[in-house]
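One structure is given below, encoded as structure tokens.
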Amino acid sequence: MKNYLFIAITLVILGLVYSFPHLMISPGNLYQKHSEINNDCFACHKVFSGTPNENCISCHKVAEIGLKSSAKKDTIRTNEILFHKNLQNQDCISCHSEHKGLNSKLGLSKFNHLFLNKNDQKNCVNCHSQPKNELHNQIDNSCVSCHLTSKWKPSTFKHDNYFVLDRNHPTDCKTCHNTTAKNDFKSYSCFRCHEHSINSIRKEHLKEGITNFTNCVLCHKSGDDDDIRMSVKDVKKYMNKELSKNKDDD
């Protein structure tokens with residue numbers, strides 16, 4: 113008799129769990145945008161199979177994730193939102209979690225660039241803005257030559273790739289860079305040294321017909337006067353190109 117009673121109670125409980133899982137075993141309410149399926153566990157879950165990706169993708173098309181939210185915010189670039197289609201493994205719950213309450217944000221674990229496919233791991237500007245400052249305009253290498261995806265700042269900057277700090281140039285950053293008000297390493301000046309006064313540099317360069325001499329590393333890659341990246345002829349071509357570009361912008 114007891115066995116029959118135990119079996120009957122078990123069957124009743126199982127029936128209730130199957131019929132009303134949101135009441136019997138739900139760990140909590142869904143995020144408000146999912147509230148319409150709060151009572152329909154099988155919209156996301158599958159018996160004995162957890163939460164298959166197919167159920168998520170049936171509503172959230174991978175190539176369209178973020179389009180509706182980004183359309184309301186002009187400041188958000190679409191390609192920053194649409195990286196989901198470039199993920200190596202379309203495993204939604206590896207990043208997102210649910211059942212944390214109506215007012216909670218859809219749970220998101222810490223993003224890892226290793227989630228992206230190999231090609232997109234190397235092409236940072238597919239998602240991130242292209243740097244426009246003078247320093248980055250001179251860099252031909254990929255971002256990973258200086259930056260880590262685990263921690264973007266500080267970068268492992270190799271100064272010798274852009275200007276060699278030889279025996280005549282101190283390694284104190286503030287000699288060339290403005291580090292007092294803010295740590296601004298994107299701009300620099302060679303005019304802070306007595307030897308490189310603006311008057312002496314102007315006089316020397318005007319002899320060669322060079323009138324734009326504020327961006328020294330454009331031509332000079334070290335303190336050696338003969339160690340020059342561009343010939344005087346090429347410098348003049350560059351100057352003329354920049355002048356015409358500025359006129360067009362005006």
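My numbering puts the first residue of the sequence shown at 113, with every later residue one more than the last.
Note that the Cβ used here is the ideal one computed from N, Cα and C, for glycine as well.
In this text the structure is predicted, and so the values were computed from the model without any measurement.
Those residues which DSSP pairs with residue i across a bridge
i	result
GLY140	Looking at the DSSP assignment, GLY140 forms no beta bridge with any residue, so it has no partner.
LYS197	LYS197 is not bridged to any residue.
SER267	The partner list for SER267 (beta bridge, DSSP) is empty, contrary to what the question assumes.
HIS332	ILE340
LEU228	LEU199
Residues of its chain near residue i, where Cβ-Cβ distance is below 7 Å and the 5 sequence neighbours each way are ignored
i	result
CYS328	CYS302
PHE275	VAL329, LYS333 and SER334
SER363	Residue 363 falls outside the range modelled here, since the chain spans only 113 to 362, and no answer is possible.
LEU126	none
SER267	CYS258 and HIS259
ASP338	none
Three-state secondary structure assigned by DSSP to residue i
i	result
ASP186	For ASP186, the predicted structure reports a pLDDT of 45, less than 50, and the residue's modelled location is therefore unreliable. The matter cannot be settled from this model.
GLY162	strand
SER301	coil
SER262	coil
LEU277	coil
CYS171	coil
ASP272	helix
LYS244	coil
GLY321	coil
ASN327	coil
LEU156	For the sequence presented, residue 156 should be read as Cys rather than Leu. CYS156 falls in the coil class under three-state DSSP.
ASP346	helix
ASN151	coil
CYS236	helix
ILE119	helix
ILE177	coil
SER131	helix
SER257	helix
6 Å Cβ shell around residue i - same chain, five flanking residues per side excluded
i	result
THR187	Any answer about THR187 is weak, because its pLDDT of 44 lies below 50 and its placement is not dependable; what the coordinates show is given next. Within the same chain, THR187 has no close Cβ partners at all.
GLN202	ASN165
ASN245	LYS298
HIS289	PHE297 and TYR300
ILE177	HIS196
First and last residue of the uninterrupted alpha helix (DSSP H) at residue i
i	result
ILE310	310 to 318
Expected contact under 8 Å - CB spacing of residue i and residue j to nearest Å
i	j	result
ILE340	HIS332	6 Å
VAL174	LYS197	5 Å
LEU228	PHE195	7 Å
CYS258	PHE269	5 Å
CYS168	CYS204	4 Å
THR163	CYS156	5 Å
Cβ-based neighbour list, residue i, same chain, cut-off 8 Å, excluding 5 preceding and 5 following
i	result
GLN233	HIS225, LEU226 and THR261
THR283	LEU277
LEU370	Shown here, the chain extends from 113 to 362; a query on residue 370 therefore has no answer.
LYS158	PRO164 and ASN167
Cβ of residue i within 8 Å of any chain B Cβ
i	result
PRO266	As a matter of chain content, chain B is missing from the structure shown, which is built from one protein chain.
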